[in-house]
Every structure is written in C-alpha cells, then in structure tokens.
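In what follows, a structure is listed as structure tokens, so that the remarks can point back to it.
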Amino acid sequence: MAYLLQQLANAVPLAALYAALAFGYAIAFGVMKRADITYGALFAFAGQMLVLFTDVGYTRLILILPVALLFGTAIAAAYTLGASLLVGRVIMLPLSRKSPNMVIVAALGMMIILMETARLASNTRGIWLPPFLNEMIVFWDSGDFRVTLTKIQLINSALMVLMILGGAYVLRYTGWGRIWRAVTDDALAAELCGTSADRVFLLAYVASALVATVCGVLATSYYGTMDFGAGLMFGLKVLLIAAVGGYSDPLKSAGGAALLGLFEAMWGAYGPFLWRDFVIFSLLVLLLVLSRRERVVP
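Throughout the sequence shown, residue numbering follows my numbering, covering 675 to 972 in sequence.
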C-alpha cells in the first residue's frame, strides 16, 4: 500500500508537466490547425539555455547560485520567446495558410536548428545544475516506509497547475480569450468582424511558447539538465499527448495529458521499464486514431 502511495505521489510532478505542456500546445494548435513539433524543441531549448547561462553566471561572472539561476532563467526566457516570435511571424504564420506538409517540414528544420544551436553553444558538453530544494517532505510514515516528495517537486507541480488554471481563466473569461475562441472557430468570420487573425495567431503562438519556456525551466531545475536530443522526443510526445484530451479545449488536453502522466508513472513502477516508451507511444497513436474516427463518423 505504501509503495502504491509513493508511486501516486511520484506521478504528480510528471502529470503536472504533461498537463501544462499539453495546455500550451493546444493554445497554438487552436489557431494553427497544424501539427507543430517546434513546441517540444522550444521546451528543450529553454532548459538548455537555462543550464548554459546558469553555468556562465556561476563560473564566469562569479554569481551566487540563486542569482546565477535567475540570470539563466532570464536569458533562457528571452532567447526562447524571441525565437518563438521569429518562428511564428516569419515561418509558421505564412505556412499555416498553405499545405500542412510545409509546416511539418519547417517545424522539423526549426527543431534541428534549435537543437544544434544549444549543442554548439555548449561545446557539446553535458552541463548539470547543482541540486537545490531537494529536502524531503513526508506525507505518510508507516514506520518502515515513508511517502515523500521533494520541495522542488511540490513547487514545480504547484506552479504548473497554477499556470494551467490561470490560462484557463484567461481563455474563458477575458476579452482576449473570446477573441482567441472566435479565431479558432472561424478565422475568416473573425476577420470580417474586425479581428486581426494574424495578430491573434502570433499572440497565441508566443503564449504557447511561454508555457513551454516555463515548463522547460522548471523541469530542468528538477532533473538538473536537458539533453540535446530532447526536442525531438518531447515534440512528438507533446503532439500526441495533447490529442488524448482533444485539441479543441486546452483544459481538456491538460486533463488527458495528466491521466497519461499517471499511466506512465504506474507503468514505470509496475511494468518492464524497457517497454515503457513503446507502450506509451503505441497507446498515444491508438488514442489519436480513435479520436479521429469519432470526429469523422456522422
């Protein structure tokens, strides 16, 4: 029983991460209507910039660790959001009006550019952050087994959940959210009513990138590093994860992704670890196929 409770506790940070990533991806997908793996690359790029510039601040600028982390976070956010604005305005906005295949090819190219930029900037070095906020919080103690999470796991999970709830409030109860829903429903009709669909597209794309940036920084602060090839894995994973809850509503996408995070954590605890990614991706593809069948059935 205690082991099960610990695995459920371990699933909370992973479910929160998947939910936040799916929520952010659905915001951009609503206006783009195209599969875009650049989102996962931006997530990984933010983490890679965090470790790179935290290392610069700590080793070259001789900053104390908290200030070095703030320095790395600020630079990572500036680079990632700047890259997303450039990609959204120059590449994705014009291509999303054309063939879906062009968006996929462009997204793959941008993912490679971001991955290689981070690798070359780091001189292909694996840089690790020192552990911090890793004190254990005990939730249940049976005498010989304790159910615990670290402070950073709890802080990260809380921040991601708050980000989802805040984003859901903006989309549902604010003027910008109503405009976003209008453009996602019918961009041409929104244009005829005086709304700039292109401006909404860019705002949604940057808002989506902001969620990816926050998630990248928080995930890297916990795991300690971000692999150079993580962009491809997370790009594909987020694209499929968001489909679990459906792309039409970011909050539903987040809910479906959270359930998948719970399933992945349980599989890691009770199933063969080597089969984990195979099972997860197979399940995601199956759910995507079933969801598409439901939409086309009259």
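Where a beta carbon is used, it is the ideal one built from N, C-alpha and C, also for glycine.
- In the three-state reduction of the DSSP assignment, Asp872 falls in the helix class.
- At a Cβ-Cβ threshold of 8 angstroms, Leu906 and Met785 count as neighbours.
- Rounded to whole angstroms, the separation of the alpha carbons of Ile736 and Ala700 is 40 angstroms.
- Take the alpha-carbon of Thr858 and the one of Asp729: they are about 41 angstroms apart.
- Counting only the Cα atoms, Gly698 lies some 12 angstroms from Leu845.
- Less than 8 angstroms divides the Cβ of Val725 from the Cβ of Thr899.
- As the crow flies, the alpha-carbon of Arg950 is around 18 angstroms from that of Gly909.
- Burial is judged here by how many other beta carbons sit within 10 angstroms of a residue's own beta carbon; Ile838 has at least 16 and is buried.
- Between the alpha carbons of Arg734 and Phe727 lies a gap of roughly 10 angstroms.
- Taking 8 angstroms as the cut-off, the beta carbon of Phe902 is found closer than this to the beta carbon of Arg793.
- The way I'd put it, the region 760-771 doesn't touch the region 686-694; fewer than three beta-carbon pairs between them come closer than 8 angstroms.
- Under DSSP, the beta-bridge partners assigned to Met810 are Thr824.
- Proximity of the region 870-882 to the region 819-829 falls short of the contact definition, fewer than three beta-carbon pairs being nearer than 8 angstroms.
- If you look at Trp854, you'll find it in the alpha helix (DSSP H) that goes 849-859.
- When DSSP assignments are scanned along the region 921-950, the uninterrupted stretches of alpha helix (DSSP H) that are 4 or more residues long and fall wholly within it turn out to be 924-944.
- Between Ala720 and Ala750, the beta carbon gap of about 5 angstroms places them in contact (Cβ cut-off 8 angstroms).
- In terms of Cβ geometry, Ser922 and Tyr713 do not form a close pair [threshold 8 angstroms].
- With a minimum length of 4 residues, the unbroken runs of alpha helix (DSSP H) contained wholly in the region 727-799 fall at 739-760, 767-770, 774-795.
- Excluding its 5 nearest sequence neighbours in each direction, Gln681 has C-beta neighbours in its own chain below 7 angstroms: Ala939, Met940, Ala943, listed in chain order.
- Closest in C-alpha terms to Arg771, from the list Met706, Leu695, Leu739, comes Met706.
- Residue pairing by DSSP places Asp815 opposite Arg820 in a beta bridge.
- Inter-residue distance for Phe717 and Leu957 is about 23 angstroms (C-alpha atoms, whole angstroms).
- Distance from Met834 to Thr824 at the Cβ level is roughly 15 angstroms; contact not present, criterion being Cβ atoms closer than 8 angstroms.
- Here the C-alpha atom of Ile829 lies approximately 19 angstroms from the C-alpha atom of Ala748.
- Counting only the Cα atoms, Leu892 lies some 12 angstroms from Met723.
- When rounded, the separation of the alpha-carbon atoms in Thr887 and Ala842 is 18 angstroms.
- Lys707 carries a coil assignment under DSSP once its states are collapsed to helix, strand and coil.
- Of Gly930, Glu865, Lys911, Leu925, the smallest CA-CA separation from Phe952 is found for Lys911.
- A direct Cα-Cα distance of roughly 42 angstroms separates Met789 from Met675.
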